[in-house]
Structures are given as C-alpha cells and as structure tokens.
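Residue numbers for the sequence shown follow full-length UniProt numbering, so the first one is 1 and each next one is one higher.
Think of the CB as a built atom: it goes at the ideal place given N, C-alpha and C, for glycine as much as any other residue.
Data first, discussion second: the structure below is written as structure tokens.
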Amino acid sequence: MSQLNIPDTNNPRVVIVGGGFGGINLAKHLKHLPVQVVLLDRNNYHLFQPLLYQVSTAGLEPDSIAFPLRGIFRKQKNLEFRMAEVTGVRPQDNILETGIGELHYDYLVFATGSNTNFFGNKTIEANAIGMKSLIEAVQIRNYVVKQFEESLLLTDPELIKPKLNFVMVGGGPTGVELAGAFAELRKYILPKDYPSIPQNLMNVYLIEAGPRLLASFSDQTSEKTVKALEELGVRVMLSTGVKEYDGEVVTLSNGEQIKTQSLLWSAGVKGVPVTGIAPDVTLPNGRILVNEFNQVKGFENIYAIGDIAQMTNDSRFPKGYPMVAQVAIQQGVNLAANIKNELQKKPLKAFHYKDLGSMATIGRNRAVAEFAGIKLSGFPAWVVWMIVHLMSLLGFRNKLVVFINWFYRYFTFERGTRIIIKRGAANIVKLRQTIVS
Numbered sequence: 001m002s003q004l005n006i007p008d009t010n011n012p013r014v015v016i017v018g019g020g021f022g023g024i025n026l027a028k029h030l031k032h033l034p035v036q037v038v039l040l041d042r043n044n045y046h047l048f049q050p051l052l053y054q055v056s057t058a059g060l061e062p063d064s065i066a067f068p069l070r071g072i073f074r075k076q077k078n079l080e081f082r083m084a085e086v087t088g089v090r091p092q093d094n095i096l097e098t099g100i101g102e103l104h105y106d107y108l109v110f111a112t113g114s115n116t117n118f119f120g121n122k123t124i125e126a127n128a129i130g131m132k133s134l135i136e137a138v139q140i141r142n143y144v145v146k147q148f149e150e151s152l153l154l155t156d157p158e159l160i161k162p163k164l165n166f167v168m169v170g171g172g173p174t175g176v177e178l179a180g181a182f183a184e185l186r187k188y189i190l191p192k193d194y195p196s197i198p199q200n201l202m203n204v205y206l207i208e209a210g211p212r213l214l215a216s217f218s219d220q221t222s223e224k225t226v227k228a229l230e231e232l233g234v235r236v237m238l239s240t241g242v243k244e245y246d247g248e249v250v251t252l253s254n255g256e257q258i259k260t261q262s263l264l265w266s267a268g269v270k271g272v273p274v275t276g277i278a279p280d281v282t283l284p285n286g287r288i289l290v291n292e293f294n295q296v297k298g299f300e301n302i303y304a305i306g307d308i309a310q311m312t313n314d315s316r317f318p319k320g321y322p323m324v325a326q327v328a329i330q331q332g333v334n335l336a337a338n339i340k341n342e343l344q345k346k347p348l349k350a351f352h353y354k355d356l357g358s359m360a361t362i363g364r365n366r367a368v369a370e371f372a373g374i375k376l377s378g379f380p381a382w383v384v385w386m387i388v389h390l391m392s393l394l395g396f397r398n399k400l401v402v403f404i405n406w407f408y409r410y411f412t413f414e415r416g417t418r419i420i421i422k423r424g425a426a427n428i429v430k431l432r433q434t435i436v437s
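See below:
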C-alpha cells in the first residue's frame, strides 16, 4: 500500500482518527507542543450531533450544525488534515492503514465516536433508521415531508395512518427530543401546510424498554418529562420493547402492533470497531477497553477517547462513562496534557470525569435540566438548554444562523426548511439502503 501524503517531520507524530468532540479538543490542546498532529476523518466537517434532530424535523439547515475541520484548524501550523477512511492498524509496525495510504505514527488516538446499536436484530436494522449522521438527518427530513405530501393523495384514513404514524424507540435525550419535535410538527405545521389532513391521523409514539424516560435523570425529572410529552399528544409507552419491524408493522413485547412506515431508532449506540486491535480488548458493544490514562489495554502509544473508549476505573460509572460529548471533550484535554507529560518524561495524569449535568428539550418552552444539584424544568430549563447549545456550536456564523432560526420560529411557529431536496425513497427500507450505499 502507498504512503499517505503527509509532510515529513522530525517531531513525534500524533495521529487522531475522528473529528468529533474528543478529536478536535485533543488536537486544539496539542497546538503548542513540538509534535506533528495528523487528523483523519471520513468527513471534512465537525458535526454538532445534539442538534441533528432539528435538521431531521425541518427546524435547521444542515450547514448550520456543521463546521469545516480545515476552518477550525486553519491557524494551527502543526496540524495536517486528511479526509480518509481508516481500514485497520498494524500496532507491531506503528502503521495506520487508510483507504488512501498507510501512515506511520508515534502516538495513535481513536476518537471515532459511535454508531446506532440495533442489538443484533437484523430485521429492525434493515427496516428502521438511526440518526447519527448529517445525511441520515436530511434523508429523514425528506422522507417525513414526502409522507405528508403523499398522504394528500389518499382518501382512506386507514391508508393514511401508516404514513403518519411516527414511532421513536429509545427514551434517552435523543428519543425525547425527536418525539417532542414531531409532536410540534403535528401541532403547528400540519394544520397550516396540510389543512386537508385531519390532525388526529398523525400519531407520535415514544417506546422505551425501561421503566422510565431519561434514565440518567432523577425520577422526578423523568415523570415531568412523561407529563410534558403527553401534554403534546405523544403516546409514551414504558417497559415496552420492540420485537420486530418489517417496514410496515411494529410488533411490541406486549403483543401490541402499530402500523407505521417510519420507525426512528435511538435506543442505543455502539462503538465503531477497529481492525487490528486485539479482540480481547474490544467489547461486544464495540467499545475498546482503556486504562485510566485512556491507553488501549496492552499498548502504551495507542489511545481511545470518547464513545469508543470503555474506562471502568470510576466507581460512579462501573459500566463505563456515558457516551456523551462532555466525556469526550474532557478526555481529549486530559490526553493532550498526558502527551505533553510523555514528551517531558513526567508521570501521566489519570482521567477523572467531572459531570457537568444533563439536559433535554421537549418542545416549545419545555425542557428539563439537572446540574450542580439543581433541577430545572419548563421554561427556565428551556432557556438554559438553548444557551448551552448555542454557545457550544462552532463558528460565529453557525451561532448566528441558529439563533435567528430559533428566534424566528418562536414568534412565527414556522419551520422554514420543509423542502424535499431530492426525490426520496418510497419507503424507509429504500431510504436506509440509499444512506448505506
């Protein structure tokens, strides 16, 4: 295999795989060190995943939550970015294999994030769709608007209902936010854009296998979330699993069936496996076992951070840290400090996660938040949620565009991106095949 075209250097080379929260924060904190940083990602942009659901429900344009990686690191002289797909690693040779060539490394960091976890159910995986990428979010938006348009062509309510039954699986923040957003589509958009379609033909379901929503939150907050969703008309089903989905009918663990052409899966995520890493350090969920310094078990110069890393040294999180942005960000910062310590022959600093709290938005003036022992709900939590997410976006333009969109939507109840960019697939099966291909 040919060599990846990267300038030669006399400094140690740190190769970072993944331009997510962990990868970009690690790279930023290596800016002033005598190292060459090589950042690889299959896309040329950083994606702000917490707002993906707003793209999928026509609330935001795709480019308002994505920022070019080259733009982030334009002034960082010790960094090289290449858009590449990693195919494997040869640890014995310190070689990373990619689709565009091989690359030698001194330090290798996997920050590859996570994919949708269908828990081995191939039927569901073939017919449902996750929402982990910008392409998926845009395709969902296309598909949903197309379902509305096609419903206008039908007269039989029994044929319309499967098109307008939207089922979300997974009661975490993503599922809650999706369900709330779809409920607001029904409340504010359907009557204005499609007055010929009876509003009661559109139903939004949120299905959770566990006994409550937002399992990482308090019982009180979970109960408030259920109440807020039900006030929006969402049918919340707890302690209920999904057994099968054939693209037309969802079969639940209680025997109930729901006719739907739209099953959105957010019930779990899994790490992206890496070819070349020993199987005994890769868990069934795709995460890689690391020690307290984020070193992959059995290696001193290979690291994993963020969703891909499984660290179990913290008694608060015996099953590993949650797969959220703050863990990745903090691990990236800590690893940058440890690479500096390595270069200076100093002891490494163990990682300790500082939980800054959790939040989820449910809809207009509705959200929940818990941080520093404080529990908020309703309008105050909604304002905090907006401020935190707005400030976390990269780029002044993105912040401004998102703020203007939110401001406009708040006073007009509009969603300005209800367009079908490309004629989509006729059903969710073809939709998923389009995305995969």
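From residue i to residue j, what does the alpha carbon distance come to, in whole angstroms?
i, j, result
"residue 7", "residue 268", "40 Å"
"residue 68", "residue 3", "25 Å"
"residue 48", "residue 134", "9 Å"
"residue 187", "residue 395", "32 Å"
"residue 214", "residue 161", "28 Å"
"residue 63", "residue 398", "8 Å"
"residue 165", "residue 203", "5 Å"
"residue 196", "residue 156", "13 Å"
"residue 280", "residue 158", "51 Å"
"residue 359", "residue 294", "26 Å"
"residue 343", "residue 291", "19 Å"
"residue 5", "residue 154", "56 Å"
"residue 322", "residue 285", "13 Å"
"residue 87", "residue 98", "5 Å"
"residue 92", "residue 173", "41 Å"
"residue 224", "residue 373", "17 Å"
"residue 248", "residue 128", "10 Å"
"residue 240", "residue 205", "12 Å"
"residue 357", "residue 391", "16 Å"
"residue 378", "residue 366", "4 Å"
"residue 287", "residue 407", "39 Å"
Buried or exposed for residue i, please, with buried defined as at least 16 other CB atoms from any protein chain shown within 10 angstroms of its CB.
i, result
"residue 11", "exposed"
"residue 346", "exposed"
"residue 177", "buried"
"residue 118", "buried"
"residue 315", "exposed"
"residue 200", "exposed"
"residue 352", "exposed"
"residue 257", "exposed"
"residue 220", "exposed"
"residue 191", "exposed"
"residue 198", "exposed"
"residue 410", "exposed"
"residue 13", "buried"
If we call anything under 8 Å between Cβ atoms a contact, is residue i one with residue j?
i, j, result
"residue 105", "residue 15", "yes"
"residue 25", "residue 329", "yes"
"residue 402", "residue 185", "no"
"residue 33", "residue 79", "no"
"residue 250", "residue 167", "yes"
"residue 229", "residue 211", "no"
"residue 180", "residue 361", "yes"
"residue 368", "residue 265", "no"
"residue 17", "residue 138", "no"
"residue 112", "residue 245", "no"
"residue 448", "residue 42", "Past the edges of the chain, shown from 1 to 437, lies residue 448, and the structure says nothing about it."
"residue 320", "residue 310", "yes"
"residue 234", "residue 183", "yes"
"residue 305", "residue 348", "no"
"residue 325", "residue 21", "yes"
"residue 150", "residue 132", "no"
If you reduce the DSSP assignment to three classes, tell me which class residue i lands in.
i, result
"residue 110", "strand"
"residue 27", "helix"
"residue 75", "coil"
"residue 442", "It is not possible to answer for residue 442, since the shown part of the chain is limited to 1 through 437."
"residue 279", "helix"
"residue 215", "coil"
"residue 304", "strand"
"residue 295", "strand"
"residue 132", "coil"
"residue 284", "coil"
"residue 68", "strand"
"residue 94", "coil"
"residue 4", "coil"
"residue 248", "coil"
"residue 87", "strand"
"residue 234", "coil"
Can you check whether the C-beta of residue i is within less than 8 Å of a C-beta belonging to chain C?
i, result
"residue 122", "The structure shown contains no chain C; it is built from a single protein chain."
Entirely within the region 139-211 and at least 4 residues each: give me those alpha helix (DSSP H) ranges in chain order. 157-164, 173-184 and 190-193
Going along the chain, which unbroken runs of the alpha helix (DSSP H) with 4 or more residues stay wholly within the region 6-56? 21-29 and 52-56
Output the residue ranges of the alpha helix (DSSP H) runs that lie fully inside the region 323-392 and measure 4 residues or longer, sorted by chain position. 325-343 and 379-392
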